[in-house]
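Protein sequence lines, in the order shown, are assigned to chains A and B. The numbering of the first sequence is this note's numbering, which starts it at -4 and goes up by one. The numbering of the second sequence is this note's numbering, which starts it at 38 and goes up by one. Built from N, CA and C at the ideal position, the CB exists for glycine as well. All remarks here apply to the structure that follows.
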Amino acid sequence: MSEKNHRVSRRQFLTYTLTGVGGFMAAGMLAPMVRMALDPALEAAGDSEFVSVGLSEDEVSEEPQRVDFSIELDDGWYSSEQSRSAWVLREGNEILALSPICTHLGCTVNWGTNEENPEEFFCPCHFGRFERDGTNIPGTPPTRPLDVYEVEVRDGMIYLGQINQRG
Amino acid sequence: MRWNENDAKTYQSAKEYVDTAIIPLLPVAGGKEQEEAVRMGEFTSYLTDFLERQYTGRVYLLPPFTYLKEESTEDRLERLKTWTEHFKNQGFSHFLYVTSDSRWRQADARDLGELVWIPAFSLAEMDTNKRQQSIEQQAQQIIPLMTEKWS
Ligand code: FES
């Protein structure tokens, strides 16, 4: 009797346990499905500002690389594609994506184009200069560092978001 | 800088930095020659837009200088001189004229500034990226002519 009781209780125990495990398994299976179902909504809400620039995380090095991409702009009348560029580089264990727009009067800066200062960003318009991390070099016209894009890494790929001012 | 109110304001406060005027030269024609004129105009605009975007802090992209195809070279040149004089008096020291119209090649514009002629090709079928690339390639030929005067 006691043995039978024992057996039953063990069976019950197993049943409960299995239900539990099954529950976890079901949850594990359901979660991605729920996420997949929700994701488009999430994307529409906030993620859509981030765009892939076709560069993977391991391709980013200390040497700034230029990436060109386009974003969808909606100006109220019609939506159009606008091209953008960024200089992407590794700074410590951070990934920086600098806007190429000179903070003086808006010309486009380039990396290493000034022979005397090959390790800097250079603005051809009034010879503005910036360090590798975008810091403006005193004594040249720009008075603040280059702006930065918000960076996100998704599945090893670089996504860029909005542009923010620093300093 | 572009021909809009915001940039005109910025220009007023940054005049000493903006010393180069870019003027697109666009032929206008109706009828059989319209399509060609439009293609030249569109191409030249893309090109000058690109230049303006790259060098916005130092150049002012002026409205296009337009002329009917039958206007004689002398007349065109005369009017262009008047434009140039006007803006020279306003403080511009470098002038870059960009056109796809081959008839400007006979015009002697040496004392006006740099006149560059770039043959137009159709951009209508290209996607944004491809178009951007081809325009950039063409612009690379013009850029040195402009920047070598800067120092
Ligand atoms: S716009 Fe870059 S230095 Fe003036």
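Evaluate residue i with the Cβ neighbour count: other Cβ atoms within 10 Å of its Cβ, from every protein chain shown; 16 or more gives buried, anything less gives exposed.
| i | result |
| --- | --- |
| A/Asn159 | exposed |
| B/Ala176 | buried |
| B/Asn43 | exposed |
| B/Leu105 | exposed |
| B/Ala58 | buried |
| A/Val168 | Within the shown structure, residues of chain A are numbered from -4 to 162, placing residue 168 of chain A beyond reach of any answer. |
| A/Ile66 | exposed |
| B/Ser139 | exposed |
| B/Asp164 | exposed |
| B/Asp112 | exposed |
| A/Tyr73 | exposed |
Helix, strand or coil for residue i? Go by DSSP, reduced to three states.
| i | result |
| --- | --- |
| B/Pro181 | helix |
| B/Trp120 | helix |
| A/Phe117 | strand |
| A/Glu147 | strand |
| B/Tyr97 | strand |
| B/Tyr83 | helix |
| B/Val65 | strand |
| B/Asp138 | coil |
| A/Ala81 | strand |
| A/Val62 | strand |
| B/Arg76 | helix |
| A/Asn112 | coil |
| A/Ser51 | strand |
| B/Ile172 | helix |
| B/Glu108 | coil |
| B/Gln127 | coil |
| A/Glu89 | strand |
Using alpha carbons as the reference points, say which of the options lies closest to residue i.
| i | options | result |
| --- | --- | --- |
| A/Gln77 | A/Val146, A/Gly71, A/Glu86, A/Asp63 | A/Asp63 |
| A/Arg127 | A/His121, A/Asp53, A/Trp82, A/Leu100 | A/Trp82 |
| B/Leu62 | B/Glu122, B/Ala45, B/Ile155, B/Thr47 | B/Ile155 |
| A/Val146 | A/Arg61, A/Arg139, A/Ser47, A/Leu155 | A/Leu155 |
| A/Cys120 | A/Val104, A/Arg161, A/Val55 | A/Val104 |
| A/Ile96 | A/Arg61, A/Glu57, A/Gly151 | A/Arg61 |
| A/Tyr144 | A/Thr108, A/Leu93, A/Gly151, A/Trp72 | A/Leu93 |
| B/Ala146 | B/Ala161, B/Glu173, B/Arg116 | B/Arg116 |
| A/Ser51 | A/Ile90, A/Gly107, A/Glu111, A/Glu86 | A/Ile90 |
| B/Gly150 | B/Ser130, B/Met38, B/Glu70, B/Ser137 | B/Ser130 |
| A/Gly101 | A/Asn88, A/Glu111, A/Pro140 | A/Pro140 |
| B/Ser159 | B/Thr136, B/Phe124, B/Arg76, B/Trp120 | B/Arg76 |
| A/Arg85 | A/Met152, A/Glu57, A/Phe122 | A/Glu57 |
To the nearest angstrom, how far is the alpha carbon of residue i from that of residue j?
| i | j | result |
| --- | --- | --- |
| A/Asp69 | A/Glu44 | 12 Å |
| A/Glu114 | A/Pro133 | 16 Å |
| B/Asp86 | A/Ser75 | 16 Å |
| B/Thr103 | B/Phe132 | 17 Å |
| B/Lys118 | B/Phe80 | 24 Å |
| A/Phe117 | B/Gln178 | 20 Å |
| A/Ile153 | B/Glu108 | 54 Å |
| B/Gln169 | A/Trp106 | 20 Å |
Check the Cβ-Cβ distances between residue i and every residue of chain E, and say whether any is below 9 Å.
| i | result |
| --- | --- |
| B/Thr136 | The chain inventory of the structure shown lacks chain E, comprising the protein chains A and B. |
Under 5 Å, CB to any heavy atom of the ligand FES. Which residues pass, going along the chain? Listed by chain position, these are A/Cys97, A/His99, A/Leu100, A/Cys102, A/Cys118, A/Cys120, A/His121, A/Gly123, A/Pro136, B/Gly94.
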